[in-house]
């Protein structure tokens, strides 16, 4: 007779199991024949054949298959900022390929395993980001890498459990490490949240200190900000504060939105202010729009400063000529052998290495370290424990290896990354200064 | 499982948003102000739970009342215009509300950190649900209790004289006026009820996303609000629900794997649906067909009835 234990057999099919299934169905055939139920017989024969085929498919690779530790990535792969998600995915894939080709990771029981990545699109939308993370949490992924946008990170980190072990807090207990979302202080929202993004406060503090020594004649600054984008807006506050701390007088500020395409009014105001320095806190798309309008109106400040996120290939592709001379602090440039190799590998996966995707690349290797140090098992029945281990492992890190050097980790789960200043020269990014060198 | 429960939460909140527009659309008016009322509800409810420490239920009640009162106040001047002019007027109102919250900064110190709306950076840490130990299922049930209440109330209203009056104004304003209906009062009432429901939805939205900011309440949300009842059909409140499920569960979640193509397909599928079902997914003909089917099934001698016997 047909065994009820059939489904129990399938996940662990041993050699010959498929024949037993056929035999079980054959026994049922006899009964069916006696009862004259030809339709059922035919159906079951087909099911048996399919079952045998599935058994063969499942059983053969099961012997050869290595364990896979599942991780998930998510970010904006559609919409205005889609390029960030595409670059992050490429960087993660590049890093994981390096790791897997070098033998993968050593799991808690001593076996070797590969790291498998699934990447999701959140469209830079908080509501969709929550949905994506809930979906990821319902899979066997032990950690998620993302998101792109700070507004998504705000919501996501908000739905996570605030303090680990707080039984009164029903927030999601799932570790997330951000690669791109750059708005300051996001990781402190939850103990399950981590970031590998540079401190823009330190970057602009250092930049304006450097400006003071290199450009002693500049006295005034005019700001421009992409007001509706959380990162641009928050960083503009940092830029203003550091510029004033550096002795520059703020003459005014122009504001625009991420989806704006005309900037003539803002640039006219900028021209009227006639400041020595112009600082643009915006992403490549509107930065290029503003730079082109500045060229059209003949606005030529002594020094042009940009947002960290604009130190990317998109700015050079969109307005390389107009961006000539713009100075930007960044945590990535292919100035070390590791960084040059990373840039090459990311390009192989259809992405471009910049400060954000380089962070994703570094995260791949951070996760390998944590998986091994925390003895992650990577089994379906250890998913919850593995997530706890990943969180604890990330929280315990004091230092990680970055592409530009050692990266410090703070108690509030943020990174202290080495950085440098680049400027656009002949439509490429050239290193202008390395603080501390 | 948690993912599906979370998705059902989103469907619930968007259903409230769609139903808020449904009320106004019944009177033949197209309002793009619903996102504004939704934003008011979100910020008021969040401020009450986070800053004042209220329980979420009174906070939602207060948020709904504030949004409803705003809708009533906006309704009088806005509904003096009609058609495209009303669309522009309500859009302007929605943008004004969004820009108000864009500049609205009211933070208070709570321990070492400041909490409250911080202008363009938004309002973070709206954590009533997790801080009070509510599971995803608890939140889902909470949301759907409100959705059920609102849908039942609107369903009942549709079958009452009030519903007939609303539809009469929507079908032919002049005829309704000549029949003695105070058209302005009806329109303002619909706007008020719509604002109340949008405020309720916004209040819940703020709490399940844990962070709100002005950008979430823009023209896109306003468009979604009116798209749901138009796509679902104005013949029944259930049409809005069906449309929300179609958009949120199928188009947005189901097609996520398509990446950028999803956005293209999204518009294409809505166009297709509107062409195939120009009066909405659930129109009057569908409802009549369902009723006929039910009557046939109840008739003596019907196969099903016999089977039951």
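Residue numbers (the numbering used here), protein chains in the order written: chain Y, 21 to 457; chain G, 1062 to 1370.
Backbone N, C-alpha and C define an ideal beta-carbon position, used for all residues, glycine too.
Check, Outcome
"Min CB distance residue 178(Y) to chain G below 9 Å", "yes"
"Sub-9 Å separation of residue 1255(G) and residue 1132(G) beta-carbons", "yes"
"Length of the line joining the Cα atoms of residue 458(Y) and residue 152(Y)", "With chain Y covering only 21 through 457, there is no way to say anything about residue 458(Y)."
"Inter-residue spacing [alpha-carbon to alpha-carbon] between residue 451(Y) and residue 1096(G)", "46 Å"
"6 Å Cβ shell around residue 458(Y) - same chain, five flanking residues per side excluded", "Absent from the structure is residue 458(Y), since the part of chain Y shown begins at 21 and ends at 457."
"Ordered list of beta strand (DSSP E) runs contained in the stretch 1203-1272 of chain G, each at least 3 residues", "none"
"Outcome for residue 410(Y) when other beta-carbon atoms lying within 10 angstroms are tallied against a minimum of 16", "buried"
"Neighbouring residues, chain Y, relative to residue 1283(G) (Cβ below 8 Å)", "None at all; the shortest Cβ gap to chain Y is about 15 Å."
"Buried versus exposed, by CB contacts within 10 Å (16 or more), residue 130(Y)", "exposed"
"Identity of the residues DSSP links to residue 269(Y) by a beta bridge", "240(Y)"
"Whole-number beta carbon distance between residue 1187(G) and residue 1268(G), since they are thought to touch under 8 Å", "6 Å"
"Alpha-carbon spacing of residue 71(Y) relative to residue 1337(G), whole angstroms", "With a pLDDT of 47 at residue 71(Y), under the threshold of 50, the modelled position of this residue cannot be trusted; read the value that follows with caution. When rounded, the distance between both Cα atoms is 41 Å."
"Limits of the unbroken beta strand (DSSP E) element including residue 140(Y)", "132-141"
"Selection from 350(Y), 449(Y), 398(Y) that minimises the alpha carbon distance to residue 438(Y)", "350(Y)"
"Span separating the alpha-carbon of residue 1090(G) from that of residue 1228(G)", "11 Å"
"CA-to-CA distance, residue 255(Y) to residue 245(Y), given in whole angstroms", "9 Å"
"Proximity below 9 Å, CB of residue 198(Y) to CB of residue 184(Y)", "no"
"Of the residues 249(Y), 89(Y), 380(Y), 296(Y), the one placed nearest residue 161(Y), counting alpha carbons only", "89(Y)"
"Chain-ordered chain Y contacts of residue 1125(G) [CB-CB under 9 Å]", "The contacting residues do not exist; residue 1125(G) stays about 21 Å from chain Y at best."
"Cβ contact check for the stretch 103-121 of chain Y and the stretch 369-376 of chain Y: 3 or more pairs under 8 Å", "yes"
"Simplified DSSP state of residue 382(Y), which is helix, strand or coil", "helix"
"Burial state of residue 458(Y), where buried means 16 or more other Cβ atoms lie within 10 Å", "With chain Y running from 21 to 457 in the structure shown, residue 458(Y) is simply not present."
"CB contact flag (residue 1327(G), residue 1312(G), <9 Å)", "yes"
"Residue 1303(G): first and last residue of the uninterrupted alpha helix (DSSP H) it sits in", "1298-1305"
"Collapsed DSSP secondary structure at residue 296(Y) in the structure displayed", "coil"
"Whole-angstrom distance between residue 1190(G) and residue 1300(G), CA atom to CA atom", "30 Å"
"Proximal residues of chain G, C-beta to C-beta of residue 108(Y) below 9 Å", "Ordered by position in chain G, no residue passes the 9 Å Cβ test against residue 108(Y), which lies about 14 Å from the chain."
"Between the CA atoms of residue 344(Y) and residue 226(Y) - distance to the nearest angstrom", "22 Å"
"Segment contact, 8 Å Cβ cut-off, at least three pairs: the stretch 1155-1170 of chain G with the stretch 1240-1256 of chain G", "no"
"Alpha-carbon to alpha-carbon, residue 1233(G) and residue 329(Y)", "55 Å"
"CB contact below 9 Å: residue 155(Y) versus chain G", "yes"
"Contacts of residue 1277(G) in chain C (Cβ-Cβ under 7 Å)", "Any reference to chain C falls outside this structure, whose protein chains are Y and G."
"Distance CB(residue 327(Y))-CB(residue 307(Y)) smaller than 9 Å", "yes"
"Cα-Cα separation, residue 273(Y) to residue 1155(G)", "26 Å"
"Reduced DSSP category for residue 1317(G) - H, G, I as helix; E, B as strand; rest coil", "helix"
"Classification of residue 13(Y) by the beta-carbon crowding that lies within 10 angstroms, buried from 16 upward", "The structure shown does not extend to residue 13(Y), since chain Y is modelled only from 21 to 457, so the question has no answer here."
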